[in-house]
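Read the structure below first, then the notes.
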Amino acid sequence: MDFRPKDRGTYYTSFAFGSIVFACYGGVFTTDTFFAWSWLPVPSEWLMLASILLGMVYTLLGVLGDGFVDCRQGRYIWLYFFLQCALLTIIVVISPTRGFMGMLCLPVVSQSIFRLRWPGRVAVCGYLFALTVALWGIPYGWNSAFSAMISYSAGFAFTIAFTFITTQALAARAGSEKLRHELAEANAQLRAQAEQTAELATTRERNRVAREIHDGVGHYLTVIKTQLDAASALLPTQPERAREAVTKAAKLSAEALDDVRHSVGALRTDTGRPPLPEALRELAGHGDPVPTLTIEGEPRTLAPGVEHALYRAAQEGLTNIRKHARATHAQLRLDFRTPHTLRLELADNGIGTGPDADQTGFGLRGLRERIAVLGGKVESGNRREGGFQLRVEVPA
1 MDFRPKDRGT YYTSFAFGSI VFACYGGVFT TDTFFAWSWL PVPSEWLMLA SILLGMVYTL
61 LGVLGDGFVD CRQGRYIWLY FFLQCALLTI IVVISPTRGF MGMLCLPVVS QSIFRLRWPG
121 RVAVCGYLFA LTVALWGIPY GWNSAFSAMI SYSAGFAFTI AFTFITTQAL AARAGSEKLR
181 HELAEANAQL RAQAEQTAEL ATTRERNRVA REIHDGVGHY LTVIKTQLDA ASALLPTQPE
241 RAREAVTKAA KLSAEALDDV RHSVGALRTD TGRPPLPEAL RELAGHGDPV PTLTIEGEPR
301 TLAPGVEHAL YRAAQEGLTN IRKHARATHA QLRLDFRTPH TLRLELADNG IGTGPDADQT
361 GFGLRGLRER IAVLGGKVES GNRREGGFQL RVEVPA
């Protein structure tokens with residue numbers, strides 16, 4: 001089983017643990033009371049050697065054992081702290097000098113704040129603090145114990161406070177990371193949902209256009225067949241009327257062809273289309289009348305769905321003007337001035353629509369559906385000064 005540290009932070013913790021132990025034993029070797037007395041009738045040199053060996057075991061257990069219990073709970077954690085407290089007790093008992101041995105407790109104090117809940121923290125820290133005070137009180141008297149209690153209280157308090165603050169900071173960081181991942185997942189889900197919505201809207205629009213082609217072409221072909229049948233019947237006796245029927249059939253076939261081209265154009269993808277202002281300039285240049293194009297505000301990058309919808313809106317409006325309005329002039333305006341909103345307006349000086357005109361036909365109805373998917377709105381109607389006006393507004 002691999003107990004090695006798994007990340008850089010754990011390496012730093014291990015380094016700090018070993019540094020404190022090294023500093024404590026360094027203090028032992030430099031103290032004036034070295035070999036001054038011993039607990040047991042054993043040569044001080046042997047006791048010091050045993051203390052050093054146990055200190056090495058204590059350090060290894062502190063580094064590797066902490067990594068072992070990092071992902072475990074329950075008895076493993078309590079076993080670890082029991083072994084560390086037992087080792088510290090033995091080291092204190094057999095050490096032939098006091099020196100800075102009480103500082104050996106601080107790494108375990110810090111680990112108890114990290115690993116245990118409040119009852120466990122109080123138990124471990126209380127025991128180690130009592131051990132540190134007894135380290136001086138039993139051999140030197142309670143005056144020394146009181147002095148040691150005052151001295152070590154600051155070290156214990158600083159270690160506990162610093163570790164607790166670090167624990168809270170790590171918990172806050174973990175919470176922030178969790179929130180960031182949740183937000184990233186939510187954004188990914190929203191993007192996927194938006195793509196599905198856009199795909200569904202595209203599918204619905206293509207189905208609508210397919211129905212429009214079927215219904216429109218079917219109607220034209222029915223009327224054309226009727227005219228040609230009439231021409232065939234009238235040709236022997238009334239050639240003039242037969243010619244009129246053929247002429248009418250030819251006109252209807254041209255209208256049907258235009259209608260098919262318009263519908264098929266709506267099914268084409270927009271791959272390679274220039275930005276919306278340039279696409280509108282190109283669109284406005286085909287047909288008569290040629291509208292006056294005005295771009296207001298600073299153009300900005302738009303979502304493909306928004307560009308597609310506004311381009312189709314302009315295309316639908318210009319087709320209606322050229323087909324029905326009998327206009328001599330038209331105006332096309334694209335307004336970027338309002339933040340987060342984009343407006344497209346198309347107006348002409350034609351005949352407008354009658355009071356009973358149906359504005360829910362295939363073209364306007366499909367346009368409203370397309371814009372509604374984007375959260376926008378469509379307004380249309382006659383102008384006060386004459387002609388017809390189409391206004392489209394979308395969030396962008």
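Take the sequence shown: its letter number 196 is residue 196 in the UniProt record's numbering, and every next letter is one higher.
From the three backbone atoms N, C-alpha and C, an ideal C-beta is built for every residue, glycine too.
Our two residues, N320 and L367, have alpha carbons roughly 13 Å apart in a direct line. With respect to L131, L88 sits close: the two C-beta atoms are nearer than 8 Å. In chain order, I321, A325, A327, A330, G387, F388 place their CB closer than 6 Å to the CB of D348, counting only its own chain and leaving out the 5 sequence neighbours on each side. Rounded to the nearest angstrom, the gap between the Cα atoms of E307 and R383 is 26 Å. Residues G102, T132 of the same chain have their beta carbon placed closer than 6 Å to that of Y152, with the five preceding and five following residues left out of the count. Burial check for S110: the Cβ neighbour count within 10 Å reaches 16 or more, so the residue is buried. Between R312 and the set L344, L116, G120, the nearest pair of CA atoms involves L344.
Excluding sequence positions up to five before and after L364, its CB lies within less than 7 Å of the CB of S380, all in the same chain and listed in chain order.
DSSP places T292 in the uninterrupted beta strand (DSSP E) bounded by 292-296.
Of the candidates R261, W78, L302, Q315, Q315 places its Cα closest to the Cα of E282. Beta-carbon to beta-carbon, R333 and T294 are separated by about 5 Å, close enough to satisfy the 8 Å threshold. Look at D229 here: in three-state DSSP terms it is helix. Beta bridge pairing from DSSP links K377 with E393.
E393 counts as buried, since at least 16 other C-beta atoms from the protein chains shown sit within 10 angstroms of its C-beta. For K251, the closest alpha carbon among the candidates E205, P277, Q238, I224 is that of I224. In terms of Cβ geometry, I113 and T59 do not form a close pair [threshold 8 Å]. According to DSSP, F156 shares a beta bridge with no other residue.
Within a 10 Å sphere around the beta-carbon of Q168 sit fewer than 16 other beta-carbons, which makes this residue exposed.
Contact between V373 and T197 holds: their C-beta atoms lie close to 7 Å from each other, under 8 Å.
Here the C-alpha atom of L346 lies approximately 22 Å from the C-alpha atom of R261. In this structure, I20 sits near L106, with a CB-CB distance shorter than 8 Å.
In the three-state reduction of the DSSP assignment, A192 falls in the helix class. Shown here for P277: same chain residues with a beta carbon closer than 6 Å to its own, the five before and five after excluded, namely I295, P299 in chain order. Assignment of beta-bridge partners to R365 by DSSP yields no partner. In this structure, the straight-line span from the alpha carbon of F15 to that of L64 is close to 12 Å. With a 10 Å radius around the Cβ and a threshold of 16 neighbouring Cβ atoms, G297 comes out exposed. The residues V109, I113, C125, in chain order, have a CB closer than 7 Å to that of I160 in the same chain once the five nearest residues on each side in sequence are set aside.
In the displayed model, Q238 falls within coil according to three-state DSSP, outside both helix and strand. Beta-bridge analysis with DSSP links D348 to A330.
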